[in-house]
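Start counting the sequence shown at 729; every next residue gets the next number (this note's numbering).
Glycine included, C-beta positions come from ideal geometry on N, C-alpha and C.
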Amino acid sequence: MFGYRVPAPDEAMLISGGRRGLGGAPFRVVTGHGKFVLPIFRKTRFLTLSMCESEVTETCVTRQGIALHVRAVIAFKVGNDHESIINAGQRFLSDQDQMSVLTGRIFAGHLRAIIGSMTVEEIVTERQKLAAEVLDTSKMEMAKIGLIVDSLQIQSIDDGDTGYIDAMSAPHKAAIQRQAQIAQAQATQASVEAEQEAARNQAEYARQTAVVKAEYSAEVDRAQARAAQAGPLALAHAQQEVLDAQTELALRQAKLRQQQLVAEIVKPAEAEAERIRVLAAAEAQRMKIQAEAAASYDRVALDRMLIDQLPQIVKEAAGGLAGANVNVLNGADGLGEIAAGLVSQGLTILDSVRQNLGGPDSSDGKRPPENSGNGLLQLHSRKDDKADDGPVNVD
729 MFGYRVPAPD EAMLISGGRR GLGGAPFRVV TGHGKFVLPI FRKTRFLTLS
779 MCESEVTETC VTRQGIALHV RAVIAFKVGN DHESIINAGQ RFLSDQDQMS
829 VLTGRIFAGH LRAIIGSMTV EEIVTERQKL AAEVLDTSKM EMAKIGLIVD
879 SLQIQSIDDG DTGYIDAMSA PHKAAIQRQA QIAQAQATQA SVEAEQEAAR
929 NQAEYARQTA VVKAEYSAEV DRAQARAAQA GPLALAHAQQ EVLDAQTELA
979 LRQAKLRQQQ LVAEIVKPAE AEAERIRVLA AAEAQRMKIQ AEAAASYDRV
1029 ALDRMLIDQL PQIVKEAAGG LAGANVNVLN GADGLGEIAA GLVSQGLTIL
1079 DSVRQNLGGP DSSDGKRPPE NSGNGLLQLH SRKDDKADDG PVNVD
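Okay, structure coming up:
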């Protein structure tokens, strides 16, 4: 449309004429959109906002008095805010190439000042520190002219013919060369060791191959020998089996003959011996029974005779008490014990008679008890016709 202007994305449109811009600026700033501009009454100019580059090559003297040739590259642009655009537009709108020239001069001055306060070692080893200090010191000045610095790169540092940097790097070069030589020697040694290891592996493989071949050959020989021996061994095994069968048959025949002899001779003899032993045992048992019956008869007759004489024996024993003084210590119980003692003495006399006669009961060698009953009867005859000389005590 006629009179409608639109700036490029990397440009700022400056419209002069008419009312003033922001902060009393002689123009209005338009970025990112179009604006209707009256022709003839308004004037439109464009300020670039794209990235610009400035190269600085400067000879600087260090704190040690050594001259260094420093080459640096600065990347800068106009700030995106209205204040920066206004500052840059008032200074560079008519000649925008001057931004690179002025920026290079500003950075050259700050670069000389910063390098003058540092040593060669610091500058060489700490380039980033050098760039940061230059940026910090130049930031305020660049802001006043509406420019901002995106980066500063120190591309090269050269001391010319003085050879200071080379001398400074000599120890490091020597160390690097020494390390390179060591690495080369280690690589050579590793190569030799690898070759020797490969040779050992080949020799070991050859040895193992020879061993395997020898074992295989020996196995083949053993198999052939076993095959050659298979026929004779089979024949020998067959003959051994025949001999074993014949031996087993002979053993069975001998065992059968032994059983026949036992059945024909031993068993009848044992049966006859058993018959004779049974008859002898029966005869001995019969004779024992007859002897025991005869002995029992004689004992019964003797017992009957002794029983017939027992009253007379007791009477004779009682007659011994006729001249005795009997003291009864416990009344009627004492009299009962005396009577029982008399009877027991009679029985004792009867047993003694049996033993003297050699009866069957005397064979065991045991003597009957002298007293029977609960008390001990002691009789003492009177001597010299005195009644108190022979008491009978029943305990």
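Beta carbon of I885 nearer than 8 angstroms to that of I851: yes
Rounded C-alpha distance that separates T975 from A942: 46 angstroms
Spell out a yes or no on whether the stretch 801-820 and the stretch 829-844 are touching, meaning 3 or more CB-CB pairs, one atom from each, closer than 8 angstroms. yes
Using CA coordinates, which residue listed in E921, F769, F764 and D738 is at the minimum distance from G745? F769
Presumed contact (8 angstroms Cβ cut-off) between L858 and I842, rounded CB distance: 6 angstroms
On the three-state DSSP scale, how would you describe S884? strand
What separation, rounded to the nearest whole angstrom, lies between the Cα atoms of R906 and Q912? 10 angstroms
What number of angstroms, rounded off, separates the C-alpha of A915 from the C-alpha of K901? 20 angstroms
Which runs of the alpha helix (DSSP H) spanning at least 4 residues fall entirely within the stretch 835-868, listed in chain order? 848-853
Answer yes if the stretch 886-898 comes into contact with the stretch 782-800, meaning at least three C-beta pairs across the two stretches below 8 angstroms, and no otherwise. yes
Beta carbon of T790, beta carbon of G844: below 8 angstroms? yes
Using 8 angstroms as the Cβ pair cut-off and three pairs as the minimum, do the stretch 864-875 and the stretch 810-820 touch? yes
Measure the alpha-carbon distance for V940 versus L961 and round it to whole angstroms. 30 angstroms
Counting along the chain, where does the alpha helix (DSSP H) carrying L971 start and finish? Y892 to L989
Does the beta-carbon distance from T831 to S782 come in below 8 angstroms? yes
Tell me the residue span of the beta strand (DSSP E) that contains S744. E739 to S744
Closer than 7 angstroms by C-beta to V734: which residues in its own chain qualify, once you throw out the five before and the five after it? Chain order, please. G762
Report back the beta-carbon spacing between M741 and F764 to the nearest angstrom; my notes put them in contact at under 8 angstroms. Rounded, the Cβ-Cβ distance is 12 angstroms, inconsistent with contact.
Rounding to the nearest angstrom, what Cα-Cα distance links A1008 and E1020 in this structure? 18 angstroms
According to DSSP, is H810 helix, strand or coil? helix
Return helix, strand or coil for V765, following the three-state DSSP convention. coil
Q987 versus A958 - alpha carbon distance: 43 angstroms
Quick check: what's the CA-CA separation for L971 versus L984? 20 angstroms
Could you give the DSSP three-state label for D889: helix, strand or coil? coil
For S782, the first and last residue of its enclosing beta strand (DSSP E): C780 to V789
A946 to Q924 span [Cα, whole Å]: 33 angstroms
Can you name the residues that DSSP bridges to R756? I743
First through last residue of the beta strand (DSSP E) which encompasses L775: K771 to T776
Give a yes or no on whether the C-beta atoms belonging to T776 and Q824 are separated by under 8 angstroms. yes
If you draw a straight line from the alpha carbon of E1002 to that of R980, how long is it in whole angstroms? 30 angstroms
Apply the 10 Å Cβ neighbour rule to S919 and answer buried if 16 or more other Cβ atoms are within range, or exposed otherwise. exposed
Is the beta carbon of V757 less than 8 angstroms from the beta carbon of L839? no
Report all residues from its chain with a CB closer than 8 angstroms to the CB of S866; omit the five preceding and five following residues, and keep chain order. I834, F835, H838 and V877
Taking C-beta to C-beta, are Q917 and T847 nearer than 8 angstroms? no
Please report the straight-line C-alpha distance between N808 and D864, rounded to a whole angstrom. 20 angstroms
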